[in-house]
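Chains as they are written, first to last, in UniProt numbering: chain R, 1 to 1091; chain S, 1 to 170. Positions of the beta carbon are idealized from the N, C-alpha and C atoms, including for glycine.
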């Protein structure tokens, strides 16, 4: 009975072979995943059987499932089992499965070495063949090393079937285990003359590929290949040999000459014209004939039939031309029209090829024409990808080799302006950088550029009209800067100033707003200067009033940079207004703020600055503090008990990696800075790829009517103008030459007075400042330069260690996620100590699971050795809103993995709630708006609404995030607690002693007091501590007695009277809210109990 | 990173070959470069989408990342190969065609279902034709002979599958 059941089940399993599986999958279209999961369960059962046939069947099915995208790596060992079967039937399936499923990281491969060796030496050639085929797919360096000898022996096998496989696989072995090349090479060379054509062709293949990697070593084989080429009739072999010669000819020019004849023969025999299209650059004969072929091919595109193959030919023709272009530009340039035609092709592959060709074909003469054509295509193009490609190509073509081919920069500026009308482009950055570059470097163009940019600013609504055009609003960055910097050229600066201060500007990205604000100030200076010249002083005052009216909009900006600049400038203008009211002339001085010429700086300019005599850059300015002393000899600063500041005694040992990273960062910075001349197109690319651009969602909108910015000139007119200019120039030149000839008749006459104009004859209308290595003469205030460092205020805050640690202390709170190994912080409260212990477990887990460190936030204790996560946060009340508290959290990633998709969530209490965006539920987490590469830290702010502030509170929270390694990613969680102390609701508010006295007399305040024992610190330290940690300010101090004041965000007054005698400190306090007062006093007590 | 991988690890002519249906279903894949499953999946997904979006009369070549993609459609199946930039497109087309001819000879006017249900055979044929991304045998006759010989070695049970399966063509 039992036997029957077993037998029956075996039969059933046996029944479901690969075909059944395939059919089953096709019959379960709706619930494919479910069906397959049951199949996989069955397969797992089958794999447990001892019967090899059942196993092989299972492995065969797995191979199919693997192709469908299911993970079968768990069955790797079973695959090896099937591979080792003695029966060819199963072996074949096993090897197939292995070749499909194994890769270098599959660890069971190690187990296969002996099996493969056995199969290689099998008497059955098909066993050997299967093993070789499989090996070619999953060979690892280890396998290559262990089996190199066996395979080498097989190269001389009696059967050509094995020989050719062995020869081919040798190439893979060489790649994985290069040492095998030397001993194997003689035999490989022998195979070039193998009687079997298959083996011969395999040897040619391998040597050809080897030679492409290192042609020099294979020059000696040239005669042999030459013989093969003339004698062989196998096209496949011929093609390979020609490819090989393509690699060899650059090293041996004589070879090229020798090849002309056999190659042209080949071409005439029409053996695959294509075979030679990419070789022998030095052979002009061939090139000409090839280019003819290419042209013929492209010409024939008019034929309606079999257009697919025609498309193939067209593509190849263009490809051939691009090869020829490199050496024989003339012969390609004559086909310009043809190539331009190809831009109309509906096939993108062909259009892109044609675009590539254009880049190399431009000259001073035809640039305008080509770009004009391209602009037409830009208008017509469907699909943003191709349009963006066109845009970058236009800019590439124009800006190549330092604007070599541009003769009229007014034309170029208008092209750039026209490009801004493109909908949905991602390349606003690129256009902006070109505008800046041209305006800064081409002096003569500034008047024109400024006028254009002013119009752009005036019509900014067209650019920012809807969100999809966000990519292009980068242009406004350039426009605003150019208008501000070169404001003296503006025709109507007042109008531009107004345009820059429109409320709509506040919707632009922060970094652009920042430029707006800064340049509004420059414009303001210019306007003042103009207006003060007039007798009417009210105009100037009105301008100041305009600034004062509009700037507060920016002062409120959420962007730090904008806020900082705006408030700075606002104060400045207010001061100016005061002076104006006293009839003081200020324009001169205001202008002085922005005076000075900006000169372009070459990226390497710093190197040219000589180090002043007697300055040793490597010497210490101060002696580095010795590590051993730091424990007991802490500097007796005001906050003496803080953690010692991080010193960097090993600064000379910055490793290579760090250097490279810094260099990269500097490059990035330079690329973003218009005052650096971009060294090469590559750096421009870097600019393009600056973070942020890619993330701007680009949605194509369909506008049939192009958006024309009114009042902007069309670039077309320049083509005409340029023609006229050149004609005039030519005429002038002729005149001059005639004169000259008259003067010196005896002199040799010039050849080309009436001939076609050559490249050199076209003189540019504007000159570019080409600064490559020279030193700048003046470099103006860094105000403008920092402008481009977006959000630098914030980065500074974090990079400066001191600032960070003070942040911590001002919060007075630490996130309790530190292991006990670290020195206990004296400032920490006992409660937190408890939490710490709770956390430890969790912590350990992390530490082991991924090498310590996922999410962490720096807290000033930089001497920690382990990259354990530590958080720093600071809670600050919002003055404007008595119910809001802003929590700034610095996240630092101390591990080696990339952290992303961070979600910050807090379990709300009745009293305190995390502010979430509208529409999200009360338990949703907030996405942290950045990702953290290894070693990077960043700050995020979260707003909480708090109802009552009289009690301290702790909120539990979780941070979830994804730890992404090179090959895997895991989802991690970090629990934390946010401690809202009552202190954090207090805001340092200065108070005068008379107001303070009134407050105390008013009698509304409740009293409370506290005594601190054993406080051994100078009285002023004590006061400073209270001020610093608890946001108080000293009202008055008389000897050992001081009065202090603070205010809560909800307007509670807190007054302290602090007295000290000996080691006892007594604090008498008054506040209109007794609970709050009690808690604040508790907190103060705690601060000192930790001393 | 992925592009780099492809280039560091392999210089051979062909990087991979994919067969997929008009509906975008993968029918066969052969990788001559060692890539992780994840990368393979991503590449084939991207590529299938790109190629299916192209119109029938467009040329067979495509520049994709750093590679050149050569593809051709036979009935409902797309055959697609990735080669290096310097490689010859037409010879790649020729390889594709040669493989189709081989399948045709072996199965007898091959159709998509032949490849679905005998996918291991399709692999065996490919493996006799290409090795490590290089054409190992240019003679069709030799390839088919090798396959026949190997099939003969296989057990009867497996060989008569074919007979059982194809009367209906499902």
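So is the beta-carbon of residue i under 7 Å away from any non-hydrogen atom of the ligand NAD?
{"i": "residue 537(R)", "result": "For the structure depicted, the ligand NAD is absent and the ligand set is empty, with no information on it obtainable."}
Alpha carbons only, please: which of the options is nearest the one belonging to residue i?
{"i": "residue 471(R)", "options": "490(R), 69(R), 432(R)", "result": "432(R)"}
{"i": "residue 37(R)", "options": "48(R), 47(R), 25(R)", "result": "25(R)"}
{"i": "residue 1018(R)", "options": "196(R), 1039(R), 30(R)", "result": "1039(R)"}
{"i": "residue 663(R)", "options": "617(R), 603(R), 614(R)", "result": "603(R)"}
{"i": "residue 410(R)", "options": "258(R), 446(R), 437(R), 589(R)", "result": "446(R)"}
{"i": "residue 412(R)", "options": "425(R), 888(R), 427(R), 396(R)", "result": "396(R)"}
{"i": "residue 147(R)", "options": "124(R), 159(R), 110(R), 123(R)", "result": "110(R)"}
{"i": "residue 454(R)", "options": "478(R), 444(R), 474(R)", "result": "478(R)"}
{"i": "residue 949(R)", "options": "934(R), 254(R), 986(R), 727(R)", "result": "986(R)"}
{"i": "residue 259(R)", "options": "607(R), 197(R), 223(R)", "result": "223(R)"}
{"i": "residue 261(R)", "options": "153(R), 226(R), 407(R)", "result": "226(R)"}
{"i": "residue 338(R)", "options": "579(R), 357(R), 931(R)", "result": "357(R)"}
{"i": "residue 418(R)", "options": "439(R), 375(R), 392(R), 345(R)", "result": "375(R)"}
{"i": "residue 896(R)", "options": "930(R), 889(R), 934(R)", "result": "934(R)"}
{"i": "residue 118(S)", "options": "15(S), 21(S), 52(S), 27(S)", "result": "27(S)"}
{"i": "residue 381(R)", "options": "366(R), 351(R), 405(R)", "result": "351(R)"}
How close, in whole Å, do the beta carbons of residue i and residue j come, if the pair is a contact with beta carbons under 8 Å?
{"i": "residue 450(R)", "j": "residue 489(R)", "result": "4 Å"}
{"i": "residue 1043(R)", "j": "residue 1054(R)", "result": "That pair is no contact at about 11 Å."}
{"i": "residue 239(R)", "j": "residue 142(S)", "result": "With a Cβ gap of about 19 Å, residue 239(R) and residue 142(S) do not count as contacting."}
{"i": "residue 576(R)", "j": "residue 544(R)", "result": "6 Å"}
{"i": "residue 57(R)", "j": "residue 46(R)", "result": "7 Å"}
{"i": "residue 390(R)", "j": "residue 378(R)", "result": "5 Å"}
{"i": "residue 125(S)", "j": "residue 93(S)", "result": "At roughly 18 Å, the Cβ-Cβ gap does not stay under 8 Å, so residue 125(S) and residue 93(S) are not in contact."}
{"i": "residue 499(R)", "j": "residue 458(R)", "result": "5 Å"}
{"i": "residue 349(R)", "j": "residue 58(S)", "result": "7 Å"}
What residues from chain B crowd round residue i, counting only those whose CB sits closer than 7 Å?
{"i": "residue 201(R)", "result": "In the structure shown, chain B cannot be found, because the protein chains are R and S."}
Should the segment 125-143 of chain R be called in touch with the segment 99-117 of chain R, which here means at least 3 C-beta pairs below 8 Å? Yes: at least three Cβ pairs fall under 8 Å.
When the Cβ atoms of the segment 170-183 of chain R are set against those of the segment 214-228 of chain R, are three or more pairs found closer than 8 Å? The answer is no - the segment 214-228 of chain R does not touch the segment 170-183 of chain R, with fewer than three Cβ pairs under 8 Å.
Three Cβ pairs or more, each shorter than 8 Å: is that satisfied between the segment 501-515 of chain R and the segment 547-563 of chain R? The answer is yes - the segment 547-563 of chain R touches the segment 501-515 of chain R, with three or more Cβ pairs under 8 Å.
If you scan the UniProt domain "AP complex mu/sigma subunit" (13-153) of chain S from start to end, which runs of the alpha helix (DSSP H) of 4 or more residues do you find wholly inside it? 37-52, 89-107, 112-117, 119-129, 140-153
Please confirm if the segment 55-72 of chain S is in contact with the segment 102-113 of chain S, defined as three or more CB-CB distances below 8 Å between the two stretches. Remark: fewer than three beta-carbon pairs, one from each stretch, lie closer than 8 Å, so the segment 55-72 of chain S and the segment 102-113 of chain S are not flagged as touching.
With a threshold of 8 Å, are at least 3 pairs of Cβ atoms found where one atom belongs to the segment 904-919 of chain R and the other to the segment 928-943 of chain R? yes
How about the segment 37-55 of chain S and the segment 130-137 of chain S: do they share at least three Cβ pairs that are nearer than 8 Å? no
Is the number of C-beta pairs between the segment 956-970 of chain R and the segment 888-906 of chain R that are closer than 8 Å three or more? Short answer: they touch.
Can we say the segment 990-1004 of chain R touches the segment 945-956 of chain R, given the rule of at least three CB pairs closer than 8 Å? Using a Cβ-Cβ distance cut-off of 8 Å, the segment 990-1004 of chain R and the segment 945-956 of chain R are not in contact, since fewer than three pairs of beta carbons, one from each stretch, lie closer than that value.
The segment 50-68 of chain R / the segment 76-84 of chain R touching (three or more Cβ pairs under 8 Å): Segment contact: the segment 50-68 of chain R against the segment 76-84 of chain R, three or more CB-CB distances shorter than 8 Å; contact assigned.
Taking only beta carbons into account, state which residues of the segment 100-122 of chain S come closer than 7 Å to chain R, listed in chain order. The residues in question are 116, 117, 119, 120.
4-residue-minimum alpha helix (DSSP H) runs that sit fully inside the segment 182-249 of chain R, ordered along the chain: 197-213, 222-231, 235-248
Using Cβ-Cβ distances below 8 Å, what residues of the segment 167-197 of chain R are close to chain S? 168, 169, 171, 172, 175, 197
Looking at C-beta atoms only, is the number of pairs between the segment 522-534 of chain R and the segment 572-587 of chain R that lie closer than 8 Å three or more? yes
Please specify which runs of the alpha helix (DSSP H), each continuous and at least 4 residues long, are wholly inside the segment 1032-1091 of chain R, giving them in chain order. You should have 1074-1089.
Could you run through the segment 41-60 of chain R and flag, in chain order, every residue whose CB is less than 7 Å away from some CB of chain S? 60
Contact the segment 185-192 of chain R vs the segment 161-176 of chain R: 3+ CB pairs below 8 Å: yes
Is it a yes or a no for the segment 1045-1065 of chain R touching the segment 1005-1013 of chain R, going by three-plus beta-carbon pairs under 8 Å? Yes, they touch.
Taking only beta carbons into account, state which residues of the segment 19-32 of chain R come closer than 9 Å to chain S, listed in chain order. 19, 22, 23, 26
For the structure I just gave you, are there three or more beta carbon pairs, one from the segment 970-984 of chain R and one from the segment 924-939 of chain R, closer than 8 Å? no
Pull out every residue of the segment 912-943 of chain R whose Cβ sits closer than 8 Å to any Cβ of chain S, in chain order. Against chain S - using a Cβ distance shorter than 8 Å - the segment 912-943 of chain R contributes no residues.
Residues, ordered as in the chain, of the segment 13-26 of chain S that lie near chain R by beta-carbon distance below 9 Å: 13, 25, 26
Quick check for students: name the residue ranges of the alpha helix (DSSP H) that lie wholly in the segment 322-386 of chain R, counting only runs of 4 or more. 329-333, 336-342, 348-361, 367-380
Starting from the N-terminal side, write out each stretch of the alpha helix (DSSP H) that is 4 residues or longer and does not extend beyond the segment 416-501 of chain R. 428-441, 446-458, 460-464, 474-485, 493-500
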